[in-house]
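What follows is a set of notes on a single structure, which appears directly below.
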């Protein structure tokens with residue numbers, strides 16, 4: 001075996017420079033690359049594979065709750081975007097404009113969709129006639145574009161990929177139930193499949209979606225103590241229904257405006273996974289979304305060992321086909337140690353070492369990425385044991401992340417306490433503050449310590465005793 | 001049961017006005033809708049569902065041949081697009097240009113991708129270093145935009161959805177093998193899953209892709225006698241490698257330019273399915289890609305019949321769950337006859353009627369969309385029989401389409417014969433003409449009778465005897 005390769009370079013430790021660590025992981029794990037187009041990244045196969053697994057797992061939940069996928073145009077005429085005043089005010093500064101088609105200047109500028117409420121609203125006004133057409137439950141997987149000044153792979157890019165659900169309902173109650181239903185779908189998806197613990201709650205007016213009545217979000221905490229908004233669900237009320245004239249005839253024959261929701265998660269979740277689970281050795285991918293769940297590394301020195309080990313790999317493959325997403329790394333030009341390093345960097349949840357002694361025993365040696373725990377697994381039990389082991393890793397990643405999140409959640413009794421936490425003590429994390437909804441106070445906090453109101457948790461039981469009886473807490477943090 | 005609904009309006013017969021029939025089917029089966037944005041359609045859930053099944057079945061084949069999915073930016077800087085002269089000349093007239101981001105004018109215009117050779121070429125030149133990096137086999141599912149003057153739902157739209165494969169190889173031989181491999185993947189996919197028979201062959205210089213060395217395509221025949229190019233696979237030679245400087249170090253340490261391919265199919269295939277299988281009653285969807293493979297229609301007049309029939313529907317559902325994509329149409333406001341009409345219009349391959357007599361027998365009555373054949377299927381055998389029946393429908397649709405195609409394929413010995421066929425006799429279909437590759441002759445044919453050279457079939461055995469020994473035939477047709 002050729003040992004020609006040089007030892008791989010170490011990553012910058014997270015504690016030294018978290019941003020640099022992040023950029024290095026993205027590049028060296030080949031998740032994404034800079035494209036040369038302002039703020040746009042290329043999703044390389046390994047990074048895109050993570051997104052494909054997220055899509056598959058979330059799409060299943062979206063279908064199971066009665067939604068159907070559709071696809072609406074990329075371009076939105078300026079006049080359509082301008083119909084809802086708050087909406088256009090919020091998005092216009094970020095819009096990329098198409099002004100020419102071929103060699104002709106267009107009569108009206110077209111926006112590349114920053115989000116699709118306007119174009120979908122225009123269609124819903126055509127499609128919805130009667131109460132029998134409601135609820136209308138549609139989801140779209142698409143690319144969108146927001147002209148950002150400062151970008152960062154996955155977290156904030158000019159073009160990103162997402163899903164956006166858009167629904168219309170007969171009553172305000174049905175509408176609000178949908179908003180909370182999809183918030184819960186997101187919470188369950190992100191916690192179960194991405195192993196990222198989140199707080200689900202409502203946003204303040206200052207932080208709500210442009211054009212919404214009310215915005216809800218799920219909020220996660222990254223390893224550097226910054227919060228990440230991981231998904232949003234908006235109650236649009238009748239704002240868009242009124243400007244796009246979306247009405248239905250009710251059972252009494254009366255015309256009514258519909259009530260609408262929209263909700264979305266994006267490729268920013270990939271950034272959330274990196275910053276929740278990654279460590280100084282690189283990525284750690286939750287098995288549910290790992291493109292490679294286990295990698296097999298053969299070990300041999302002498303040709304006769306090679307002759308014993310290599311045929312055994314086929315038996316490992318056979319034992320796991322259809323059960324585990326497996327990569328067999330039988331490249332000759334790299335040593336086992338080099339491969340261990342690379343697959344740890346790529347965050348493969350479990351490595352299976354196969355050396356002459358393992359073959360003699362008819363077993364493989366599994367090594368977990370998260371805690372390095374080793375276990376010799378007999379070949380005949382591998383098809384059962386490895387999927388179970390992967391579930392153990394999945395659960396352990398979630399518990400570790402929740403433990404970290406809770407350890408980095410503090411309480412503050414007053415504005416001064418909260419400002420001191422972020423400003424003077426230089427701490428991060430979530431801070432729970434008793435909250436009565438003052439926009440002035442919220443602005444002061446933002447100005448003084450750059451912390452924003454992430455959400456007012458729906459489940460206040462976790463914060464029992466932190467606020468006077470009958471009052472709620474809001475979670476503040478510095479955020480991505 | 002309310003019989004309030006009016007009898008549904010009939011479609012324009014295909015023989016009366018095929019274009020009108022097409023437009024009516026697209027609208028009334030709710031496949032797509034006009035968006036108000038020039039040349040862009042909305043893919044409604046039923047139409048998008050067809051595309052999702054196509055994606056799933058084709059993506060499986062793309063993965064099985066060793067390709068990985070990735071995602072590249074939507075926007076391509078003008079300078080990048082201009083690098084390959086033939087490429088930009090071919091696409092520039094059709095490009096939508098972004099000139100402003102937010103309220104700022106951009107320093108350089110950005111093209112919305114009409115296809116991604118340029119942006120992908122720029123990345124490949126960064127990624128490929130050694131022969132060990134080859135072949136590089138990447139596919140992208142994406143939206144693209146071409147500013148078309150005349151548009152038609154699915155067949156030609158300003159924005160459309162597609163997959164585009166882009167590969168790089170060490171040798172010309174590997175490159176050509178990939179071109180033909182993916183052409184064969186397309187042929188197999190389109191014939192097996194869409195039940196559309198195609199001829200696979202090479203294009204003439206006049207019809208090849210802008211920037212390609214050689215283009216291959218699969219060509220289908222629609223029910224109005226027009227041909228449809230259903231997929232293309234291009235040998236790009238070293239054109240892009242030279243202008244984007246995509247090189248690798250070979251085993252001898254020498255720098256070489258790579259050899260490239262690209263290949264794609266698009267949502268135009270949905271149009272192909274409509275025009276291959278549809279009839280005067282509406283759509284006919286091949287079961288492999290039908291969002292609804294079978295629809296259950298309960299039949300009852302008296303309340304006691306309703307009480308017997310409705311609970312039976314759950315047993316039908318249970319028998320088929322996970323085996324067949326089923327819709328149970330238990331809407332009270334429509335009669336069974338009205339539902340039959342609607343589901344025929346929507347092209348559902350099999351309908352299952354459940355009336356009191358069927359319930360008494362413990363059976364359902366299946367009715368095929370293609371030939372109206374009826375069969376009483378006992379409930380206990382339904383989970384086995386219905387999937388088999390759907391495969392019979394799938395095969396019958398393919399055979400009927402192939403029979404139509406072959407019946408509408410003629411031969412011509414000379415240019416004059418061919419022109420007479422299209423021009424004076426007013427006939428359509430494919431015409432096979434012995435061919436030696438004269439560009440002048442090809443241009444004359446196009447001018448005189450609007451027929452173009454669709455392809456020179458790879459498999460000439462079907463045309464044995466049509467050309468003098470040692471000579472090949474080319475297929476001509478008027479085309480979409």
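Protein chains in written order, with this note's numbering: chain W, 1 to 480; chain D, 1 to 480. The C-beta atom is built at its ideal place from N, Cα and C for all residues, glycine as well.
Query, Result
"Over what stretch of residues does the alpha helix (DSSP H) that includes residue 44 of chain D continue unbroken?", "That residue, residue 44 of chain D, is in no alpha helix (DSSP H); it is neither H nor E in DSSP."
"Rounded to a whole number of angstroms, what is the C-alpha to C-alpha distance between residue 272 of chain D and residue 22 of chain D?", "11 Å"
"Go through its chain and collect everything with a Cβ distance to residue 27 of chain W's Cβ below 6 Å, but skip five positions before and after it.", "none"
"How would you list, in chain order, the residues of chain W whose beta-carbon sits under 7 Å from the beta-carbon of residue 90 of chain D?", "The contacting residues do not exist; residue 90 of chain D stays about 12 Å from chain W at best."
"Residues in the same chain with beta-carbon distance under 6 Å from residue 275 of chain W, minus the five sequence neighbours each way, listed in chain order, please.", "222 and 223"
"Suppose you measure from the CA of residue 460 of chain W to the CA of residue 469 of chain W; what does that come to, to the nearest Å?", "11 Å"
"What residues in its chain sit with their C-beta under 6 Å from that of residue 458 of chain W, if we drop five residues either side in the sequence?", "200 and 201"
"Whose CA, out of W:436, W:473 and W:374, lies closest to the CA of residue 410 of chain W?", "W:473"
"Measure the C-alpha to C-alpha separation of residue 455 of chain W and residue 86 of chain W and round it to an integer number of angstroms.", "21 Å"
"Identify each residue in the segment 158–190 of chain D for which the Cβ-Cβ distance to at least one residue of chain W is less than 9 Å, and report them in chain order.", "158, 159 and 161"
"Report the residues of the segment 44–58 of chain W with a CB closer than 9 Å to any CB of chain D, ordered along the chain.", "44, 45, 46, 47, 48, 49, 51 and 52"
"Taking the beta carbon of residue 5 of chain W as the centre, do at least 16 other beta carbons fall within 10 Å, making it buried, or is it exposed?", "Any answer about residue 5 of chain W is weak, because its pLDDT of 49 lies below 50 and its placement is not dependable; what the coordinates show is given next. Residue 5 of chain W is exposed by the Cβ-count criterion."
"Report the residue from D:462, D:381, D:372 and D:376 whose alpha carbon sits nearest the alpha carbon of residue 402 of chain D.", "D:462"
"Per DSSP, which one or two residues make a beta bridge with residue 214 of chain W?", "W:235"
"Can you grab the Cα-Cα spacing for the pair residue 197 of chain D / residue 220 of chain D, in whole Å?", "6 Å"
"From what residue to what residue does the beta strand (DSSP E) around residue 449 of chain D run?", "Note, residue 449 of chain D: premise wrong, no beta strand (DSSP E); alpha helix (DSSP H) at 439–449."
"What residue range does the beta strand (DSSP E) around residue 33 of chain D cover?", "32–34"
"Can you find a C-beta in chain W that's less than 8 Å from the C-beta of residue 145 of chain D?", "yes"
"Less than 6 Å between C-beta atoms, sequence neighbours within five positions excluded: which residues of the same chain meet that for residue 417 of chain W?", "none"
"Check the Cβ-Cβ distances between residue 1 of chain D and every residue of chain W, and say whether any is below 8 Å.", "Because the pLDDT at residue 1 of chain D is just 34, under 50, the model does not fix this residue reliably, and the point stays unresolved."
"Whose C-alpha, out of D:372, D:234 and D:41, is nearest the C-alpha of residue 213 of chain D?", "D:234"
"For residue 111 of chain D, count neighbouring Cβ atoms within 10 angstroms of its own Cβ and tell me buried if that reaches 16, exposed if not.", "buried"
"Return the chain-ordered list of same chain residues with a C-beta closer than 6 Å to the C-beta of residue 352 of chain D, the five sequence neighbours on each side being excluded.", "294, 296, 364 and 366"
"Under a Cβ-count criterion, where at least 16 other Cβ atoms within 10 Å of its own Cβ denotes burial, should residue 167 of chain W be classed as buried or exposed?", "buried"
"Would you report the Cα separation of residue 419 of chain D and residue 206 of chain D, rounded to the nearest angstrom?", "19 Å"
"Name the chain W residues whose beta carbon is nearer than 8 Å to that of residue 123 of chain D?", "33, 35 and 42"
"Below 7 Å on C-beta distance, what does residue 94 of chain D contact in chain W?", "102"
"In angstroms with no decimal places, state the Cα-to-Cα distance between residue 203 of chain D and residue 215 of chain D.", "5 Å"
"Do the segment 152–164 of chain W and the segment 261–271 of chain W touch if we need at least three Cβ pairs shorter than 8 Å?", "yes"
"Only counting runs of 4 or more residues, tell me where the alpha helix (DSSP H) segments fall wholly within the segment 389–476 of chain W, in order along the chain.", "415–419 and 439–449"
"For residue 145 of chain W, list the residues DSSP reports as bridge partners.", "W:159"
"Answer yes or no: does any C-beta atom of chain D fall closer than 8 Å to that of residue 245 of chain W?", "no"
"Does DSSP put residue 105 of chain D in a helix, a strand or coil?", "strand"
"Is the shortest distance between the beta-carbon of residue 300 of chain D and the beta-carbons of chain W less than 8 Å?", "no"
"What's the C-alpha gap between residue 356 of chain D and residue 362 of chain D?", "10 Å"
"At a Cβ cut of 8 Å, what residues of the segment 60–89 of chain D count as close to chain W, listed as they run along the chain?", "68, 69, 70, 71, 72, 73, 74, 75, 76, 77 and 80"
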